[in-house]
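The sequence shown begins at 1 in UniProt numbering and counts up one residue at a time.
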Amino acid sequence: MLDTLFPFKRNYFDINGNKLHYVNEGQGEPVVMVHGNPSWSFYYRNLVSALSDNHQCIVPDHIGCGLSDKPDDSAYDYTLEQRIDDLAALLDHLNVKQNITLIVHDWGGMIGMGFAARHPERIKKLVILNTGAFHLPEAKPFPWALSICRNTLLGTVLVRGFNAFSSIASYVGVKRQPMPKAVRQAYVAPFNSWANRISTLRFVQDIPLKPGDRNYQLVSDIAAALPQFATLPVMICWGLQDFVFDKHFLDEWQRVFPGAQVHEFADCGHYILEDASDEVVAHVRQFMAH
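The structure is reproduced here in structure tokens:
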């Protein structure tokens, strides 16, 4: 069933002995799509199908996610800095060094913009989907559900023992209508054991909330680098019913990128490419054409 929903060639790139899976479809100017937690490249399948006629669509699965290897902590450092290194290494391997349209969602915002901050000259356009690349906005309380996952033993058991994060996300992440069963199963399939859910938990534990937290300074640096991209074409598509990346985050993006083209979806949630797939794909196609 997965091959029907996700009909792309499987490509692998070795990173320090771990296999990173990525989609690489089509030819033309590159579009790099960066997923978050707890999803994988499957999230971008409809965009890849829509854009690969005229663009080279590159979609990695972060280590620990999707069809990539899922090593334990001794074989991989599950941190933001390493994620950015991985993305940079993959794009260098593919010799993708200019005219990149970056499409980011969830943790992909921090990873993708972390890469952009290192290589601003390579970025041509930005598409931002329910994500952040800055610290938690002051007006936004840290969601209790994330706090449990991040800070407690119970959270570890729920995420790794019961796949609570990936499974619940597949239900609460959409608002217009439930995901079809096959789609939901595809989202959770890679995270099918305690061992294979390590990245889901480590992503949440890696959220820096205060000075001194690992990556806090890195997030500060990424946020400080954002204004240099304000002159680029930027499009934002946003599901307003996202309980984490809500209006507070959208407001911050609009403050940083006042010239951005913004499409708000009042009845959509976190997985905007599921909830409003046709509309968002159409917006992105139009954005890419100009």
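Think of the CB as a built atom: it goes at the ideal place given N, C-alpha and C, for glycine as much as any other residue.
Here the structure is a predicted model, which is why all the values come from computation and not from measurement.
- Task: Report the three-state DSSP secondary structure of residue 24 (helix, strand or coil).
- Result: Strand.
- Query: Using the C-alpha atoms, what's the distance from residue 60 back to residue 70?
  - Reply: Straight-line Cα distance between these residues: approximately 14 Å.
- Message: Can you list, in chain order, the residues of its chain with a C-beta nearer than 7 Å to that of residue 45? Leave out the 5 residues immediately preceding and following it.
- Response: The answer, listed in chain order, is 5 and 6.
- Message: According to DSSP, is residue 76 part of a helix, a strand, or is it coil?
- Response: It is coil, neither helix nor strand.
- For residue 265, the residue or residues it bridges with in DSSP: DSSP output for residue 265 lists 239 as bridge partner(s).
- Message: If you follow the alpha helix (DSSP H) that residue 29 is in, where does it begin and where does it stop?
- Response: Looking at the DSSP string, residue 29 is not in any alpha helix (DSSP H); the run it does join, the beta strand (DSSP E), is 29-34.
- Might you give, ordered along the chain, the residues of its own chain that have their beta carbon closer than 7 Å to the beta carbon of residue 163, omitting 5 neighbours on each side? In chain order, 188, 191 and 197 place their CB closer than 7 Å to the CB of residue 163, counting only its own chain and leaving out the 5 sequence neighbours on each side.
- Query: Helix, strand or coil: how does DSSP classify residue 12 here?
  - Reply: Strand at residue 12.
- How would you write the range of the alpha helix (DSSP H) that residue 57 sits in, first residue to last? Residue 57 -> not in any alpha helix (DSSP H); beta strand (DSSP E) instead, spanning 55-60.
- Message: Can you tell me where the beta strand (DSSP E) holding residue 129 begins and where it ends?
- Response: That run of the beta strand (DSSP E) goes 123-131.
- Task: Name the two residues that bound the continuous alpha helix (DSSP H) containing residue 2.
- Result: From DSSP, the alpha helix (DSSP H) with residue 2 extends over 2-5.
- Message: In whole angstroms, give me the CA-to-CA distance for residue 50 and residue 32.
- Response: Straight across, the Cα-Cα distance linking residue 50 with residue 32 is about 14 Å.
- Task: Could you name the residues that DSSP lists as bridge partners for residue 105?
- Result: DSSP lists 129 as partners of residue 105.
- So which of 172, 251 and 249 has the shortest CA-CA distance to residue 269? Just measuring C-alpha positions, the residue of 172, 251 and 249 sitting nearest residue 269 is 172.
- Nearest to residue 248 by CA position, among 230, 228, 130 and 166, is which residue? Answer by Cα proximity: 130.
- Query: In or out: residue 97 buried (at least 16 other Cβ within 10 Å) or exposed?
  - Reply: Burial call: exposed.
- Query: Anyone know if the C-beta pair for residue 127 and residue 244 falls short of 8 Å?
  - Reply: Their beta carbons are not under 8 Å apart, which means residue 127 does not touch residue 244 by this criterion.
- Query: Smallest Cα separation from residue 226: which of 208, 119, 199 and 177?
  - Reply: Comparing Cα-Cα distances from residue 226 to each of 208, 119, 199 and 177, the minimum goes to 119.
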